[in-house]
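As structure tokens, the structure follows; a few thoughts come after it.
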Amino acid sequence: PLGMAAGMGVKLFSGIIKVFNTFFTAIPMLLFSFIVLNIDYFRMLEMDKSIIAFAVVLTIVGWAKLAGMIEDSTRLVMDEDFIEGEIAIGKTKLQIAYQNVLPHILPTSVSLFFKEMGMALFLIAQLAVLNVFVGVTRRIKDLAFKAAYEMALEPEWGGSLSRIAININKFESTYWMSLYPILVFSIAIIGMNLTGEG
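Under this note's numbering, residues 122 to 319 are what the sequence shown spells out, in order.
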């Protein structure tokens, strides 16, 4: 909605999109997400609250690029000749947005949404390699094997991928600890991108 409004000439929304795009061009999304989600408060959140925190942070870092692309698509539609005709017969901006602009930009927007989801999954995988993931790790001391071992107790893709630096050293004996999380992320990212292309 913000991208569409900006493309139809609302300068405030266009300015907000530009500020966010400039900020996340100067500061990479991975670095910003890593710093924010590495704060002790976020690291100690339980699974349900941690999912919300990740969703909010990933939305903040990613929405402006998508909104900027939708703004550009909306501008192209607004420059068409038939829009002048719609204005001439007395349609309001809201009617033009709903009846003319939205049907033209919807296919592009859906495609961009799925591609952005693929990029968000890739960002989650990158954060996991840097040991930032949904849920918390706990130090397990009192198990049968009597070893101090940090592990994620929730079954979560990022948590599985987070120990890749340790597991890759023992790849031959425990190859599945590295291979399967990478495969799952890869299939999901490719699937999102192919869905967007389709």
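Each residue gets a CB set at the ideal place from its N, CA and C atoms; glycine is no exception.
Counting every other CB atom within 10 Å of its CB across the protein chains shown gives PRO224 a total below 16, marking it as exposed.
ILE160 carries a coil assignment under DSSP once its states are collapsed to helix, strand and coil. Residue environment: VAL140 is assigned as exposed (fewer than 16 neighbouring CB atoms within 10 Å of its CB, all protein chains considered). Within the stretch 154 to 199, complete beta strand (DSSP E) segments of at least 3 residues are not found at all. Of all alpha-carbon atoms in GLY279, ALA174, GLY128, the one lying nearest the alpha-carbon of GLN247 is that of GLY279.
Residue environment analysis places ALA249 among the buried positions, since at least 16 neighbouring C-beta atoms fall within 10 angstroms of its C-beta. When DSSP states are grouped into helix, strand and coil, PRO122 belongs to the coil group. Taking C-beta separations shorter than 6 Å and ignoring five residues to either side along the sequence, the partners of SER135 in its chain run ALA127, following chain order. Around the beta carbon of LEU315, a 10 Å sphere encloses fewer than 16 other beta carbons of the protein chains shown; the residue is thus reported as exposed. Between ILE303 and LEU282, the C-beta gap is smaller than 8 Å, which places the two residues in contact.
In the DSSP assignment, GLU205 falls within the alpha helix (DSSP H) that extends over 202 to 209.
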